[in-house]
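Peer 1: FYI, in our numbering the residues of the sequence shown are 519 to 676.
Even for Gly, the Cβ is constructed at its ideal location relative to N, Cα and C.
Before I ask anything, here is the structure I am working with.
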Amino acid sequence: MTKKNVHKENLSIVQQFVDMVNKDNLMELEYEADDFKIKVVKNMKTSFSTPQETIVSIPNASENKEASKSIEKVEQFTNKHPGAVNSPMVGTAYSAPEPGKDPFIKLNSQVTKGDTLLIIEAMKVMNTIAAPKSGKVVFIGFEDSQPVEFDQLLVVIE
519 MTKKNVHKEN
529 LSIVQQFVDM
539 VNKDNLMELE
549 YEADDFKIKV
559 VKNMKTSFST
569 PQETIVSIPN
579 ASENKEASKS
589 IEKVEQFTNK
599 HPGAVNSPMV
609 GTAYSAPEPG
619 KDPFIKLNSQ
629 VTKGDTLLII
639 EAMKVMNTIA
649 APKSGKVVFI
659 GFEDSQPVEF
669 DQLLVVIE
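Next up, the structure:
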């Protein structure tokens, strides 16, 4: 076999491996035989977005005391709260193990350290977020099936 033919065969094999990585959604594929070795690695560009400040229009407190109390309750929790559970990644948050099932937690429910609070789907991988301590859920800062940002306040446990 001439060097030119070997080169064409190798290019064909390389193209097949690249196609396999893309088609099967693989991150890396490696193959070695005799004097031929190939490793195909998918280069994933990752972008992180910085959580942005949310501006809330607050009605006149004398007109609506309930709205005022509710805003005060939300403002007292930050992602620096000792019972804060922040998102470790960007993804989609799910409050239940599957659609139509009861949520893992509800406001004012009791949780034990290690209980599942929610699931975050990132890159087709389901990541369970566990309670770091036991206590009462006093704040839930995400909506089911909605995107969450890195370091976003998800839950507060007291």
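Specify the secondary structure class of residue 540 as computed by DSSP and reduced to three states.
Peer 2: Reading the sequence shown from its first residue, position 22 is the one you call residue 540. Note: residue 540 maps to helix in three-state DSSP.
Peer 1: Where residue 610 and residue 647 are concerned, what is the direct C-alpha to C-alpha distance, given to the nearest angstrom?
Peer 2: Position 92 of the sequence shown, counting from 1, holds the residue named residue 610. Position 129 of the sequence shown, counting from 1, holds the residue named residue 647. Distance between the alpha carbons of residue 610 and residue 647 is about 12 Å.
Peer 1: Thinking C-alpha only, which one of 552, 596, 637 is nearest residue 664?
Peer 2: Here residue 664 corresponds to residue number 146 of the sequence shown, with the count starting at 1. When each option's Cα is compared against that of residue 664, the closest is 637.
Peer 1: Per DSSP, what kind of secondary structure is residue 657 in: helix, strand or coil?
Peer 2: Taking the sequence shown and counting its residues from 1, the one referred to as residue 657 is at position 139. The answer is strand: DSSP assigns residue 657 an E or B state.
Peer 1: Going by beta carbon distance, what residues of the same chain come within less than 8 Å of residue 630, once the five residues before and after it are set aside?
Peer 2: For this step, residue 630 is matched to residue 112 along the sequence shown. So the qualifying residues of the chain are 649, 652.
Peer 1: Are there 16 or more other CB atoms within 10 angstroms of the CB of residue 671, so buried, or fewer, so exposed?
Peer 2: In the sequence shown, residue 671 corresponds to position 153, counting from 1. By the 10 Å Cβ count, residue 671 comes out buried.
Peer 1: Measuring alpha carbon to alpha carbon, tell me which of 621, 608, 619, 634 ends up nearest residue 666.
Peer 2: Position 148 of the sequence shown, counted from the start, is the residue given in the question as residue 666. Selected option, being the one with the closest Cα: 608.
Peer 1: Please state whether DSSP places residue 531 in a helix, a strand or coil.
Peer 2: To locate residue 531, count along the sequence shown from 1; it is residue 13. DSSP places residue 531 in helix when its eight states are reduced to three.
Peer 1: How big is the Cα-Cα spacing for residue 601 and residue 621?
Peer 2: Here residue 601 is taken as the residue at index 83 of the sequence shown, counted from 1. Here residue 621 is taken as the residue at index 103 of the sequence shown, counted from 1. Rounded to the nearest angstrom, the two C-alpha atoms are 20 Å apart.
Peer 1: Using the Cβ count rule (16 or more neighbours within 10 Å means buried), how would you classify residue 626?
Peer 2: As a position in the sequence shown, residue 626 is number 108, starting the count at 1. Result: exposed.
Peer 1: What's the gap between the Cα of residue 536 and the Cα of residue 553?
Peer 2: As a first step, residue 536 is located in the sequence shown; it is residue number 18 there, counting from the start. As a first step, residue 553 is located in the sequence shown; it is residue number 35 there, counting from the start. Taking the straight line from one Cα to the other gives about 20 Å.
Peer 1: Between the alpha carbons of residue 661 and residue 548, how many angstroms are there, rounded?
Peer 2: Working through the sequence shown from its first residue, we reach residue 661 at position 143. Working through the sequence shown from its first residue, we reach residue 548 at position 30. So the two alpha carbons sit approximately 40 Å from each other.
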